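Q:
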Amino acid sequence: MGISIWQLLIVLVIVLLLFGTRKLRNLGSDLGGAIRGFKQALHGEEAAEETAPKEKLAAARTEPEAKATVQEDRPTKPEREEL
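Heads up: the sequence shown begins at 116 in this note's numbering, then just goes up one per residue.
Put into structure tokens, the structure is as follows:
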């Protein structure tokens, strides 16, 4: 006892009469844009998670270890003497 195709068509016609095609088209494009943005955000996070360990490994292989050096603090000459 589900909904038949004729009942769905009647509901579709009523919705078209109430909202019009322009509003339904805008609603569909907004919904599609939201879904695309959501998918891009998901794929962006996955790509960031995949590239982060690879970048760390590549950086560890290419960069030599930093050597600590200590520099003496030397007093600098004043640019002009105060009176």
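Every residue gets a Cβ at the ideal spot worked out from N, C-alpha and C, and that includes glycine. Keep in mind it's a predicted model, so treat the numbers as computed, not measured.
If you draw a straight line from the C-alpha of G148 to the C-alpha of S119, how long is it?
A: If I take the Cα positions, the gap works out to 31 Å.
Q: Near H230, which residues of its chain fall below 6 Å by C-beta distance, leaving aside the five closest residues on each side in sequence?
A: The chain is shown only over 116 to 198; residue 230 falls outside these bounds and no answer can be derived.
Q: Distance, Cα to Cα, L124 vs L131?
A: When rounded, the distance between both Cα atoms is 10 Å.
Q: Could you give the DSSP three-state label for I118: helix, strand or coil?
A: Of the three classes helix, strand and coil, the one that applies to I118 here is coil, per DSSP.
Q: Rounded to whole angstroms, what is the Cα-Cα separation between F134 and I150?
A: If I take the Cα positions, the gap works out to 22 Å.
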